[in-house]
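In the numbering used here, the protein residues as written are 1051 to 1131.
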């Protein structure tokens, strides 16, 4: 009997959370969205911060993050042959 009670207690907390977040879960499934884009951009910013440890000013870090994550497509000049 004790095992059954412990098993119920372990599943009670997630069940409450699922019941509380049910509308959000259904909305996410219907939209077909996920947080993968947010996670990807967050990771890209973290990598940029690691790259910028030698920078002397925070403004340079912010400029680098905006350059990498801002969506600008900067084409470098190609050498003429």
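Glycine included, every Cβ here is placed at the ideal spot set by N, Cα and C.
Worksheet entry | Assigned secondary structure, residue 1088 (DSSP; H/G/I helix, E/B strand, else coil) | The residue given as residue 1088 occupies position 38 in the chain shown. Helix at residue 1088.
Worksheet item: Is the segment 1093 to 1103 close to the segment 1073 to 1083, with three or more CB pairs under 8 angstroms?
Response: Between the segment 1093 to 1103 and the segment 1073 to 1083 there are fewer than three C-beta pairs closer than 8 angstroms, too few to call the two in contact.
Discussion item. With the cut-off set at 8 angstroms, would you say residue 1111 and residue 1099 are in Cβ contact?
Written reply: Position 61 of the chain shown, counting from 1, holds the residue named residue 1111. Position 49 of the chain shown, counting from 1, holds the residue named residue 1099. Going by C-beta atoms, residue 1111 is nearer than 8 angstroms to residue 1099.
Discussion item. According to DSSP, simplified to helix, strand and coil, what is residue 1129?
Written reply: Position 79 of the chain shown, counted from the first residue, corresponds to residue 1129. Three-state DSSP puts residue 1129 in coil, outside helix and strand.
Discussion item. When you compare the CB of residue 1118 with every CB in chain D, is at least one pair closer than 8 angstroms?
Written reply: The structure shown has no chain D; it contains just one protein chain.
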